[in-house]
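J.:
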Amino acid sequence: MSKDFETLILETDDSGISTLTINRPKQLNALNNQVFEDLDAALDKIEKNDSIRALIITGSGEKAFVAGADIKEFADFNSKQATELSKRGHRVFQRIEDLTIPVLAAINGYALGGGFELALSCHLRIASQNALVGLPEVSLGLIPGYGGTQRLTKIVGQPKALELIMSGRFAKAEEALQLGLVNTIAEGDLVEEAKKMLSGMIKQAPLALKNAILAVSEAGNDSGFESEANLFGDLFDTADFKEGTSAFIEKRKPNFSGK
Ligand code: DAK
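Per the numbering used here, the very first residue in the sequence shown carries number 783; after that it's consecutive.
1) Starting from I984, trace the alpha helix (DSSP H) both ways and give me its first and last residue.
2) Looking at the structure shown, is I925 part of a helix, part of a strand, or coil, going by DSSP?
3) Using the three-state DSSP reduction, which class does R907 fall into: helix, strand or coil?
4) Using DSSP bridges, identify the partner residues of R952.
5) How big is the Cα-Cα spacing for G939 and Q809?
6) Put S800 into one of helix, strand or coil per three-state DSSP.
7) Closer than 7 Å by C-beta to L1017: which residues in its own chain qualify, once you throw out the five before and the five after it? Chain order, please.
8) Just to confirm, is the Cβ distance from G916 to S868 under 9 Å?
9) Of the choices S833, I804, D832, whose alpha-carbon is the least far from that of D820?
10) How about G897 and E919: are their beta carbons less than 9 Å apart?
11) Helix, strand or coil for E879 per DSSP?
12) Work out the CA separation of F1014 and A901 for me, nearest whole Å.
13) Quick check: what's the CA-CA separation for M979 versus N860?
14) Buried or exposed: where does A757 fall if 16 or more other Cβ atoms within 10 Å of its Cβ makes it buried?
15) Who are E793's beta bridge partners in DSSP?
16) Using beta-carbon positions only, say whether I984 and S797 come within less than 9 Å of one another.
17) Taking the straight line between their C-alpha atoms, what separation do you get for L813 and F847?
18) Would you give the residue range spanned by the alpha helix (DSSP H) that T1027 belongs to?
19) Any heavy atom of the ligand DAK inside 8 Å of the beta-carbon of F875?
20) Would you say the beta carbon of A846 comes nearer than 8 Å to a heavy atom of the ligand DAK?
21) At a cut-off of 8 Å, would you count D1022 as near the ligand DAK, judging by its Cβ distance to the nearest heavy atom?
What follows is the structure, given as structure tokens:
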């Protein structure tokens, strides 16, 4: 367990799956300034550590993943401060989305406002049975400011995104699954099931996972097909492509090196 952060716990298991826990349970893990500073520092560590193969982001306690940005902290902001901090949030959440290992949000309870936006910046999402997700910013006289208007719309389309944003209502786990907002709902222990989901992925060739993340992130861009072709082609020069095809021909399991 890492004690390097005031508001986060970073742990890595023997298989290389790291778990980053937002740890302000008394405030339902609300995102304050310190959480953003700690996230930046934790991402530095994660990016530099090649032995980390996948990342789970979750919240401390049973009740909440993250119940939003810390309302007590931003209540006095003016327009200029708010715009600047929105951009900082965009930058930090984009760093999460840009990681080239699988990143899974394990949503244990409330994922509201900035908390849901954090979950949306992850590549994958698993929900606990009691999960509730939503963007209630309009109830505070605001709109989502940490990427929610963009990422939610990409996943569910304009009509559903506007319905959720303009009502500010919360969706239960089952509805979130139906809308494609979460990949699955955990039946048992959330983090165990999150690890199970990732364990199948980290057996695959790391550079293939990386290029899959990069190619999918280009979907909808004009250059998307060209990027796919290049990312696909690049993999033919890797040792893991040789290993994967040899293992198939030799009827054995591949032993990928990540090269
Ligand atoms: N901020 C600060 N404290 C929070 C919090 C939050 N978002 N959510 C909960 N807490 C605190 C409560 O104040 C309470 O603290 P004490 O009173 O015990 O000191 C403690 O956590 C436990 O909460 P409750 O007593 O309320 O627990 P309940 O089970 O009764 O209710 C709840 C759970 C999640 C329904 C309720 O806590 C709640 O409605 N929380 C607020 C949800 C919400 O509206 N979240 C904000 C969404 S808007 C920005 C960028 C982005 C944003 C804002 C600014 N800038 C760049 C400036 C994003 C805004 C949002 O996230």
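Every residue gets a Cβ at the ideal spot worked out from N, C-alpha and C, and that includes glycine.
Remember, it's a predicted structure, so these values are computed and weren't measured experimentally.
T.: In short:
1) As a working note, residue 984 is residue 202 in the sequence shown. From DSSP, the alpha helix (DSSP H) with I984 extends over 972–984.
2) Here residue 925 refers to the residue found at position 143 of the sequence shown. It is coil, neither helix nor strand.
3) The count along the sequence shown starts at 1 and reaches residue 907 at position 125. Strand.
4) As a working note, residue 952 is residue 170 in the sequence shown. Note that residue 952 is Phe in the sequence shown here, rather than Arg. Paired residue(s): G916.
5) Within the sequence shown, the letter at position 157 stands for residue 939. Within the sequence shown, the letter at position 27 stands for residue 809. Taking the straight line from one Cα to the other gives about 32 Å.
6) Taking the sequence shown and counting its residues from 1, the one referred to as residue 800 is at position 18. It is a strand residue.
7) For the purposes of this step, residue 1017 is taken as the residue at position 235 of the sequence shown. Counting only Cβ-Cβ distances below 7 Å, and skipping sequence neighbours, we find L989, A990, N993, F1023.
8) Looking up residue 916 in the sequence shown gives position 134. Looking up residue 868 in the sequence shown gives position 86. No, the Cβ-Cβ distance between G916 and S868 is not below 9 Å.
9) Working through the sequence shown from its first residue, we reach residue 820 at position 38. Comparing Cα positions, the closest option is I804.
10) Along the sequence shown, read from residue 1 onward, the residue named residue 897 stands at position 115. Along the sequence shown, read from residue 1 onward, the residue named residue 919 stands at position 137. Going by C-beta atoms, G897 is not nearer than 9 Å to E919.
11) In the sequence shown, residue 879 corresponds to position 97, counting from 1. Of the three classes helix, strand and coil, the one that applies to E879 here is helix, per DSSP.
12) Taking the first residue of the sequence shown as position 1, residue 901 is located at position 119. Taking the first residue of the sequence shown as position 1, residue 1014 is located at position 232. Distance between the alpha carbons of A901 and F1014: 28 Å.
13) Stepping through the sequence shown from its first residue, residue 979 is reached at position 197. Stepping through the sequence shown from its first residue, residue 860 is reached at position 78. So the two alpha carbons sit approximately 43 Å from each other.
14) Only positions 783 to 1041 of the chain appear in this structure, which leaves residue 757 out of reach.
15) Numbered from its first residue, the sequence shown carries residue 793 at position 11. DSSP lists T801 as partners of E793.
16) The sequence position of residue 984 within the sequence shown is 202, counting from 1. The sequence position of residue 797 within the sequence shown is 15, counting from 1. In contact: I984 and S797 (Cβ atoms closer than 9 Å).
17) Residue numbering aside, residue 813 sits at position 31 when the sequence shown is read from its first letter. Residue numbering aside, residue 847 sits at position 65 when the sequence shown is read from its first letter. So the alpha carbons of these two residues sit roughly 11 Å apart.
18) In the sequence shown, the residue the question calls residue 1027 occupies position 245. Segment 1021–1031, the alpha helix (DSSP H) holding T1027.
19) Counting from 1 along the sequence shown, the entry for residue 875 is found at position 93. No, the ligand DAK has no heavy atom inside 8 Å of this Cβ.
20) Position 64 of the sequence shown, counting from 1, holds the residue named residue 846. Checking every heavy atom of the ligand DAK against the Cβ of A846, one is found closer than 8 Å.
21) Here residue 1022 refers to the residue found at position 240 when the sequence shown is read from its first residue. False, no ligand heavy atom lies under 8 Å from that Cβ.
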